[in-house]
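Chains as they are written, first to last, in our numbering: chain A, 2 to 211; chain B, 2 to 211.
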DNA sequence: CACCGGCACATAGCAACGCCATGCTACGTA
DNA sequence: TACGTAGCATGGCGTTGCTATGTGCCGGTG
């Protein structure tokens, strides 16, 4: 192929990542050669941009967390922080279901430092929402926002990974409402009000396919 | 090597599975050739017994669920079914931590029918415990045992997969007590009594390495 | 007893895999 | 104009999972 650019082209990197994400969705096996087949670059581009296939998978995990962060960012905070927490959960679940194989890639491999940092950013979004709920006196004053955010995330992740790529049927996701309600009530929120808030937030919207 | 037996030897199958499990634990890459290296069998044995590496991984997942079932079976039912539920959780978590890579193999691949069946057996054990709690009037009379067992499992799995092979630190497992308590209280149990029961059950014992 | 069919396994080779040494080409610099 | 450098194409290396072929042992049959 003709050489188009002299300096390292970020578009090539993006092209490869998007193609990898697409192949992941269409369940084609991703190999070094199949990844570059059809593109205008050779196998060496993978080494220039990612330093090998391992680096490509790392970058793909990063991309997954980036998309997750973008999806969580679409949740606009309302005057009901408990609804917001549930809405973040719905966005989290929706993101995983839009590309379950990418979600599996994000969490299947043993976590490395950069992956853990990307995951921390996800957790941080939840922490902020939990802290808003505490400041709005929906939670007990001594509630640990990190702890509550972690528990919330664990519930999301447990449900998603057992349903998206696991043995449980899809309607199991409906349990999210009562599980989150139980958790938030244990943190101090009032039962009926909490359930109503969670129900309003736990609405799964389906975004455009990619 | 000398041919020892005429008919398909189950010991060879067991030998290969145990070696695979051991290599998984020691984090050696498991390839067809590395698996049979050091044994007295050739690569063809993998095809005789497992019909290829895919079948070997399937059998290894089955082995993982078998070990999990055996571990759960060590929990002897007491007169406190809520403690038993938490103890099952501790056994579940302990099993996953004894061989985290095996746990990942069990849940990483897209579930096939036989895997789903093995997972159903795990869930069934939890359902029975949940039903005992309902019959002991610790839960509301209209509690759905399948639903509650599923929620319990989701909490275990969420915590384990975020800690064992994920980004969260180990002490996050301590959240299991309050998470399970919140769930069981929402199902009808009394707060203080529930917490005491869960605390007594959620004791992580370390079994012998294998 | 002699023979043979079938099964489990050993050997060797194939296509495809990730990876990398080598060389070419297009730019920036002087 | 001439050179250094960075990105990429090519081709080959070692290894992977897999399988075609050959070998040796067992059990049934004449």
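Think of the CB as a built atom: it goes at the ideal place given N, C-alpha and C, for glycine as much as any other residue.
Contacting residues, own chain, Cβ-Cβ under 7 Å from residue i (five flanking each side not counted)
i              : result
residue 141(B) : 188, 189
residue 54(B)  : 33, 47
residue 91(A)  : 202, 203, 204, 205
residue 14(B)  : 50
residue 209(A) : Low confidence applies to residue 209(A): its pLDDT is 45, below 50, so where it sits in the model is not reliable, and the reading given next is rough at best. Closer than 7 Å at Cβ, skipping near neighbours: no residue.
residue 144(A) : 135, 188, 189
residue 31(A)  : 21, 24, 25
residue 60(B)  : 18, 51
Own chain, CB closer than 6 Å to residue i, minus 5 neighbours either side, in chain order
i              : result
residue 199(B) : 87, 178, 181, 182
residue 65(B)  : 103, 107
residue 110(A) : none
Backbone secondary structure at residue i - three-state DSSP
i              : result
residue 28(A)  : coil
residue 153(B) : helix
residue 165(B) : coil
residue 41(A)  : coil
residue 173(B) : helix
residue 47(B)  : helix
residue 202(B) : helix
residue 190(B) : coil
residue 55(A)  : helix
residue 67(B)  : helix
residue 75(B)  : coil
residue 144(B) : coil
Chain-order list of residues whose beta-carbon lies under 8 Å from that of residue i (same chain, five-residue window excluded)
i              : result
residue 133(A) : 78, 82, 85
residue 184(B) : 149, 152, 153, 156
residue 170(A) : 164
residue 130(B) : 78, 82, 85, 86, 89, 150
residue 67(B)  : 119
residue 36(A)  : 17, 20, 21, 24, 47, 57
| field | Any beta strand (DSSP E) of 3 or more consecutive residues that is wholly inside the segment 77-140 of chain B | value | Listed in chain order, there is nothing to give.
| query | Does the segment 144-153 of chain B come within contact of the segment 136-151 of chain A, defined as at least 3 CB pairs closer than 8 Å? | reply | A contact is defined here as three or more CB-CB pairs under 8 Å, and the segment 144-153 of chain B fails this definition with respect to the segment 136-151 of chain A.
| request: With 8 Å as the C-beta to C-beta threshold (strictly closer), list the residues of the segment 94-105 of chain B near chain A in chain order. | output: The residues in question are 105.
| request: Taking 8 Å as the threshold, find out whether the segment 90-102 of chain A comes into contact with the segment 156-168 of chain A through three or more Cβ pairs. | output: The segment 90-102 of chain A vs the segment 156-168 of chain A: in contact.
| request: Scan the segment 178-194 of chain A for residues whose Cβ lies nearer than 9 Å to a Cβ of chain B and list them as they occur along the chain. | output: Against chain B - using a Cβ distance shorter than 9 Å - the residues of the segment 178-194 of chain A are 179, 180, 182, 183, 184, 185, 186, 187, 188, 192.
| field | Chain-ordered residues of the segment 148-160 of chain A with a beta carbon less than 9 Å from chain B | value | Per Cβ criterion, the list reads 148, 151, 152, 154, 155, 156, 157, 158, 159, 160.
| message | Count Cβ pairs between the segment 13-25 of chain B and the segment 111-121 of chain A that sit closer than 8 Å; are there 3 or more? | response | Between the segment 13-25 of chain B and the segment 111-121 of chain A, the count of C-beta pairs closer than 8 Å stays below three; the two stretches do not touch.
| request: With 9 Å as the C-beta to C-beta threshold (strictly closer), list the residues of the segment 52-76 of chain B near chain A in chain order. | output: If the cut-off is 9 Å between Cβ atoms, the segment 52-76 of chain B has nothing near chain A.
| request: Report the residues of the segment 161-178 of chain B with a CB closer than 8 Å to any CB of chain A, ordered along the chain. | output: Result list: 162, 163, 166, 167, 168, 169, 173, 176.
| task | Check each residue of the segment 105-117 of chain B: if its Cβ is closer than 9 Å to any Cβ of chain A, include it; give the result in chain order. | result | Of all residues in the segment 105-117 of chain B, only 105, 108, 109, 110, 111, 112, 116, 117 place a beta-carbon less than 9 Å from a beta-carbon of chain A.
| task | Mind checking the segment 17-37 of chain B against chain A and listing, in chain order, the residues whose C-beta falls within less than 7 Å of any C-beta there? | result | Of all residues in the segment 17-37 of chain B, none has a Cβ within less than 7 Å of some Cβ in chain A.
| field | Contacting positions in the segment 124-140 of chain B - beta carbon closer than 9 Å to chain A | value | Within the segment 124-140 of chain B, the residues whose Cβ lies closer than 9 Å to some Cβ of chain A are 124, listed in chain order.
| query | Which residues, taken in chain order from the segment 78-91 of chain A, show a beta carbon closer than 7 Å to some beta carbon of chain B? | reply | From the segment 78-91 of chain A, no residue has a Cβ closer than 7 Å to chain B.
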